[in-house]
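Before any comments, here is the structure.
Chains as they are written, first to last, in the working numbering: chain Y, 1 to 405; chain C, 1 to 405.
This is the structure we're talking about:
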């Protein structure tokens with residue numbers, strides 16, 4: 001008898017009919033003789049509605065109270081899911097995050113899990129129940145309700161799978177698994193049977209938004225093998241796990257295109273120590289996340305000057321511009337140029353560690369396709385380039401064809 | 001510095017605008033220098049929506065899970081109310097029933113409060129907070145979420161006022177207080193400055209639906225003086241308390257008309273021991289609540305027979321008919337006649353204990369108004385009569401004029 005942790009997101013439990021579908025799926029899994037723990041999110045729309053209510057009262061509501069408010073979303077789903085299992089004659093019982101023993105720190109709206117004591121979960125499983133646990137939430141050791149922030153329900157599932165030493169952790173979502181590229185753009189994209197944590201992390205941060213990075217990091221840290229699969233069909237999904245020798249045979253696991261970046265170029269930056277530090281410290285203080293940074297070699301006839309480019313999320317561009325404009329005279333910049341018409345194209349694969357010439361092949365492919373490269377950034381298992389947004393999808397197709405087929 | 005417990009019902013907190021109004025009211029009370037504990041219900045409509053969702057999944061959902069589900073309604077309001085106070089710069093913090101120390105038995109959907117340990121409430125008050133507590137809910141000593149059933153938030157307010165030894169408990173509602181009669185029917189109806197627990201109990205059970213009987217019973221048992229008043233204006237409401245000598249000077253405190261009753265007459269009931277017992281036992285087993293019972297003297301020429309009439313809530317009439325029809329042949333009834341066109345008119349007053357001739361005056365008044373009396377039932381402080389529904393309001397006006405003016 002195995003212990004399986006299943007997680008269903010907000011779309012999968014979006015209304016009573018869908019909750020009944022999820023219950024049928026759980027009931028089938030249980031018929032195979034396994035113990036099942038289920039993590040559910042709030043029904044889609046519920047959390048947004050609650051946030052809207054709160055903001056109608058106060059634009060920046062207190063975070064402790066937002067946690068009290070938002071935790072109700074998942075609490076509603078656990079009860080409804082348990083009822084749906086009862087309707088199928090499956091014994092089931094719901095637990096809030098606190099009841100399931102999920103203890104967090106006190107950082108409201110983005111709490112970190114401190115520890116999990118799943119005594120109650122074990123007890124209820126031993127009594128023959130499917131145990132339904134509210135995702136996204138926990139409580140502090142002083143009994144304050146907390147929530148885990150974006151992607152929190154995935155995190156609950158993976159952390160609980162680790163604490164329960166589950167045999168399998170399944171993340172049910174509205175996609176079939178992890179693909180070599182977005183199949184809506186690249187018709188030849190294939191579903192991956194498996195992927196390493198590191199590859200998944202790179203893809204997660206590159207705009208292939210299957211899961212939040214923190215859940216994958218947690219799974220990596222505690223060695224939780226999990227499967228990303230669809231709640232709409234019975235197809236096998238993608239297994240995410242520690243990299244194996246055989247994985248290194250594949251040079252490029254996936255290709256991702258992030259259309260959500262913007263580029264800032266600072267023209268005529270005095271090329272002397274401490275200038276870049278001053279600029280990026282100010283941006284960090286304003287909570288602007290910097291992705292890539294490229295600095296050109298010094299040029300100019302008088303005092304040495306350089307050009308400095310970096311990328312930020314589009315949502316942060318205005319904030320970044322304000323910070324830079326405030327510094328402009330103090331630091332002595334000649335000009336600031338921004339562009340939202342960029343795309344970041346990346347290839348990811350643990351096989352790059354043991355294969356050479358990958359970058360060269362990528363750049364050549366792009367050149368053949370008439371795509372100019374604007375910025376380059378690499379890691380051990382990833383190469384990213386910034387290109388013209390208008391050519392992004394064509395570039396993605398060409399690179400996918402060259403490396404994956 | 002006084003400690004005031006205020007309770008606001010679902011209509012008073014029905015949307016963000018109304019929650020802001022409630023917050024303004026609380027802020028004003030706090031400006032007077034008092035400590036304030038606030039009990040809130042779910043926003044109007046929220047609980048009904050949740051019940052609807054659950055019933056779409058299963059017609060008779062599990063009661064433990066219904067409690068998990070429904071407790072979210074009040075939890076949402078406490079957070080929103082705290083946020084609304086923050087918006088007015090009033091320090092406020094929310095507590096669920098469990099966090100406020102409300103421990104109940106394990107009878108889900110209609111739990112009884114076992115005890116309250118308001119340590120946390122005291123702590124937070126001492127830190128200068130308005131403390132907002134979720135009505136209608138608690139938890140068992142094993143940490144199961146429970147709800148208190150209909151009128152549960154009033155009960156939370158009164159029980160918490162008792163546990164905190166509050167100086168005042170205010171039940172804010174959408175009526176101005178308790179009236180001598182329904183002012184929509186009797187234009188001369190007056191708001192009462194005060195009323196005894198017993199009178200309030202009789203009126204509560206007689207269709208003057210200001211509060212559920214159990215909350216008034218709880219207040220009586222623990223000597224909690226409370227005020228029923230409107231959340232829409234600043235008028236003083238009605239104080240409900242133990243009866244005083246001065247109250248006995250008033251013979252009739254109020255007149256109530258209950259249009260929600262139906263009458264069942266069993267014709268030709270064999271007049272022998274055990275027949276009535278059999279009938280009412282079967283009705284009790286079917287959870288049909290019987291209100292008044294009248295049995296005529298024996299008649300008939302053959303074996304002694306009698307007619308037996310009783311009243312039930314209209315909602316229970318079909319169920320009662322089924323029970324009676326199943327018994328009809330076994331018991332030997334000649335006929336069953338039912339009527340929904342009845343009204344129950346009652347006068348209530350602790351002064352009746354020390355005044356005579358009250359019943360006679362009531363019957364005379366009705367006779368003068370051409371109203372026939374169908375059934376009569378009395379207690380120490382109440383006289384009820386069943387009359388023709390069509391004449392109900394006219395009868396009420398006549399009786400109010402005769403006793404109250």
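We treat Cβ as the ideally placed atom computed from N, Cα and C, and that holds for glycine.
Nothing here was measured: the structure is a model prediction, and the numbers come from that model.
**Message:** For residue 392 of chain Y, which residues in the same chain have their Cβ closer than 8 Å to its Cβ, ignoring the five residues on either side in sequence?
**Reply:** Position 392 of the first chain, counted from the start, is the residue given in the question as residue 392 of chain Y. Hits under 8 Å: 257, 259, 343 and 345.
**Message:** I'd like to know if residue 65 of chain Y contacts chain C, where contact means its C-beta is closer than 8 Å to some C-beta of that chain.
**Reply:** Working through the first chain from its first residue, we reach residue 65 of chain Y at position 65. Cβ-Cβ to chain C under 8 Å: yes for residue 65 of chain Y.
**Item:** Alpha-carbon spacing of residue 416 of chain C relative to residue 175 of chain C, whole angstroms
**Value:** There is simply no residue 416 of chain C to check, as chain C begins at 1 and stops at 405 in what is shown.
**Message:** Assuming residue 116 of chain C and residue 163 of chain C are in contact, meaning their beta carbons sit under 8 Å apart, how far apart are those beta carbons, in whole angstroms?
**Reply:** Your numbering for residue 116 of chain C matches position 116 in the second chain. Your numbering for residue 163 of chain C matches position 163 in the second chain. Right, their Cβ atoms sit about 4 Å apart.
**Item:** Reduced DSSP secondary structure (H/G/I, E/B, other) of residue 57 of chain C
**Value:** On the second chain, residue 57 of chain C is found 57 positions in, with the first residue counted as 1. Of the three classes helix, strand and coil, the one that applies to residue 57 of chain C here is helix, per DSSP.
**Inter-residue Cα distance where the pair is residue 261 of chain Y and residue 321 of chain Y** = In the first chain, residue 261 of chain Y corresponds to position 261, counting from 1. In the first chain, residue 321 of chain Y corresponds to position 321, counting from 1. Approximately 14 Å, taken between the alpha carbons.
**Message:** Mapping the DSSP letters down to three states, classify residue 170 of chain C as helix, strand or coil.
**Reply:** As a first step, residue 170 of chain C must be located in the second chain, where it is residue number 170. Note: residue 170 of chain C maps to strand in three-state DSSP.
**Asked** Between the stretch 39 to 60 of chain Y and chain C, which residues of the former have a C-beta closer than 8 Å to a C-beta of the latter?
**Response** 50, 53, 54, 56, 57 and 58
**Message:** Quick check: is the beta carbon of residue 80 of chain Y nearer than 8 Å to any beta carbon in chain C?
**Reply:** Position 80 of the first chain, counted from the first residue, corresponds to residue 80 of chain Y. Answer yes: the Cβ-Cβ gap between residue 80 of chain Y and chain C drops below 8 Å somewhere.
**Prompt:** Cβ of residue 43 of chain C within 8 Å of Cβ of residue 54 of chain C?
**Reply:** In the second chain, residue 43 of chain C corresponds to position 43, counting from 1. In the second chain, residue 54 of chain C corresponds to position 54, counting from 1. No, Cβ-Cβ distance for residue 43 of chain C and residue 54 of chain C is not below 8 Å.
**Request:** Check whether the Cβ atoms of residue 412 of chain C and residue 130 of chain C sit closer than 8 Å, and answer yes or no.
**Result:** Missing from the structure shown is residue 412 of chain C; chain C here goes from 1 to 405 and no further.
**Asked** Taking Cβ positions only, does residue 69 of chain Y come closer than 8 Å to chain C?
**Response** Here residue 69 of chain Y refers to the residue found at position 69 of the first chain. For residue 69 of chain Y, the answer is yes, since a Cβ of chain C falls inside 8 Å of its Cβ.
**Asked** Can you find a C-beta in chain C that's less than 8 Å from the C-beta of residue 72 of chain Y?
**Response** Residue mapping note: residue 72 of chain Y aligns to position 72 of the first chain, counting from 1. Yes, residue 72 of chain Y counts as interfacial toward chain C.
**Beta carbon of residue 186 of chain Y nearer than 8 Å to that of residue 238 of chain Y** = Taking the first residue of the first chain as 1, we reach residue 186 of chain Y at position 186. Taking the first residue of the first chain as 1, we reach residue 238 of chain Y at position 238. In this structure, residue 238 of chain Y does not lie closer than 8 Å to residue 186 of chain Y by Cβ.
**Prompt:** Start and end of the alpha helix (DSSP H) containing residue 68 of chain Y?
**Reply:** On the first chain, residue 68 of chain Y is found 68 positions in, with the first residue counted as 1. Residues 63 to 87.
**Item:** Nearest-angstrom beta carbon gap, residue 4 of chain C and residue 29 of chain C [assumed within contact, 8 Å]
**Value:** In the second chain, residue 29 of chain C corresponds to position 29, counting from 1. In the second chain, residue 4 of chain C corresponds to position 4, counting from 1. Contact holds; Cβ gap of about 6 Å.
**Asked** Do residue 70 of chain Y and residue 113 of chain Y have their CB atoms nearer than 8 Å?
**Response** Numbered from 1 along the first chain, position 70 holds the residue referred to as residue 70 of chain Y. Numbered from 1 along the first chain, position 113 holds the residue referred to as residue 113 of chain Y. No, they are not a contact pair.
**Request:** Would you tell me roughly how many angstroms separate the C-alpha atoms of residue 251 of chain Y and residue 349 of chain Y, rounded to the nearest one?
**Result:** The residue you call residue 251 of chain Y lines up with position 251 of the first chain. The residue you call residue 349 of chain Y lines up with position 349 of the first chain. Straight-line Cα distance between these residues: approximately 5 Å.
**residue 118 of chain Y at chain C interface by Cβ criterion, 8 Å** = Locating residue 118 of chain Y in the first chain gives position 118, where the first residue counts as 1. Taking Cβ atoms only, chain C never reaches closer than 8 Å to residue 118 of chain Y, which makes this a no.
**Message:** With DSSP as the reference, identify every bridge partner of residue 92 of chain C, one or two as the case may be.
**Reply:** One-based indexing of the second chain puts residue 92 of chain C at position 92. DSSP, once it has assigned bridges, lists C/130 as partnering residue 92 of chain C.
**Asked** Rounded to the nearest angstrom, how far is the Cβ of residue 400 of chain Y from that of residue 193 of chain Y, given a contact under 8 Å?
**Response** Indexing the first chain from 1 puts residue 400 of chain Y at position 400. Indexing the first chain from 1 puts residue 193 of chain Y at position 193. Actually they are not in contact, since the Cβ atoms of residue 400 of chain Y and residue 193 of chain Y sit about 18 Å apart, beyond 8 Å.
**Request:** Measure the C-alpha to C-alpha separation of residue 212 of chain C and residue 404 of chain C and round it to an integer number of angstroms.
**Result:** Reading the second chain from its first residue, position 212 is the one you call residue 212 of chain C. Reading the second chain from its first residue, position 404 is the one you call residue 404 of chain C. Between residue 212 of chain C and residue 404 of chain C, the C-alpha separation is close to 25 Å.
**Asked** The beta strand (DSSP E) with residue 218 of chain Y in it runs from where to where?
**Response** Position 218 of the first chain holds residue 218 of chain Y. Premise fails: residue 218 of chain Y lies in the alpha helix (DSSP H), 213 to 222, not in any beta strand (DSSP E).
**Prompt:** Roughly how many angstroms lie between the CA atoms of residue 57 of chain C and residue 73 of chain Y, to the nearest whole one?
**Reply:** One-based indexing of the second chain puts residue 57 of chain C at position 57. One-based indexing of the first chain puts residue 73 of chain Y at position 73. Each residue's Cα considered, the two are about 17 Å apart.
**Message:** I'd like to know whether the C-beta of residue 87 of chain C is nearer than 8 Å to at least one C-beta of chain Y.
**Reply:** To locate residue 87 of chain C, count along the second chain from 1; it is residue 87. Yes, residue 87 of chain C lies at the interface with chain Y (some Cβ there is under 8 Å from its Cβ).
**Request:** Note down, one range per segment and in chain order, each alpha helix (DSSP H) of at least 4 residues found wholly within the stretch 281 to 350 of chain C.
**Result:** 317 to 331
**Message:** So residue 167 of chain Y and residue 377 of chain Y are supposed to be a Cβ contact under 8 Å. How far apart are they, rounded?
**Reply:** Translated into the one-based positions of the first chain, residue 167 of chain Y becomes position 167. Translated into the one-based positions of the first chain, residue 377 of chain Y becomes position 377. About 39 Å; that fails the 8 Å criterion.
**Asked** Between the stretch 263 to 282 of chain Y and the stretch 295 to 315 of chain Y, are three or more C-beta pairs nearer than 8 Å?
**Response** yes
**Prompt:** Across which residues does DSSP place residue 191 of chain C in a beta bridge pair?
**Reply:** Position 191 of the second chain, counted from the start, is the residue given in the question as residue 191 of chain C. Looking at the DSSP assignment, residue 191 of chain C forms a beta bridge with C/179.
**Request:** Starting from the Cα of residue 244 of chain C, find the closest Cα among C/198, C/311 and C/25 and give me that residue.
**Result:** By 1-based counting over the second chain, the position of residue 244 of chain C is 244. Per the Cα distances, C/198.
**Message:** On the DSSP bridge list, what partners appear for residue 238 of chain C?
**Reply:** Looking up residue 238 of chain C in the second chain gives position 238. According to DSSP, residue 238 of chain C bridges with C/228.
**Prompt:** Just curious, the beta strand (DSSP E) that residue 383 of chain C is in, first and last residue?
**Reply:** For the purposes of this step, residue 383 of chain C is taken as residue 383 along the second chain, with counting starting at 1. 382 to 388 is the extent of the beta strand (DSSP E) around residue 383 of chain C.
**Message:** For residue 311 of chain Y and residue 291 of chain Y, which I take to be in contact (beta-carbon distance under 8 Å), what is that distance rounded to the nearest angstrom?
**Reply:** Walking along the first chain from the start, residue 311 of chain Y turns up at place 311. Walking along the first chain from the start, residue 291 of chain Y turns up at place 291. Confirmed, Cβ separation roughly 5 Å.
**Message:** I need the straight-line Cα distance from residue 139 of chain C to residue 144 of chain Y, nearest angstrom please.
**Reply:** For this step, residue 139 of chain C is matched to residue 139 along the second chain. For this step, residue 144 of chain Y is matched to residue 144 along the first chain. Answer to the nearest angstrom: the Cα atoms are 16 Å apart.
**Message:** Quick check: residue 79 of chain C and residue 68 of chain Y, are their CB atoms within less than 8 Å of each other?
**Reply:** What you label residue 79 of chain C is simply residue 79 of the second chain in a count that begins at 1. What you label residue 68 of chain Y is simply residue 68 of the first chain in a count that begins at 1. Their beta carbons are under 8 Å apart, which means residue 79 of chain C touches residue 68 of chain Y by this criterion.
**Request:** Give a yes or no on whether 8 Å exceeds the smallest Cβ distance from residue 19 of chain Y to chain C.
**Result:** Within the first chain, numbered from 1, the residue matching residue 19 of chain Y stands at position 19. True, the Cβ-Cβ gap to chain C drops below 8 Å.
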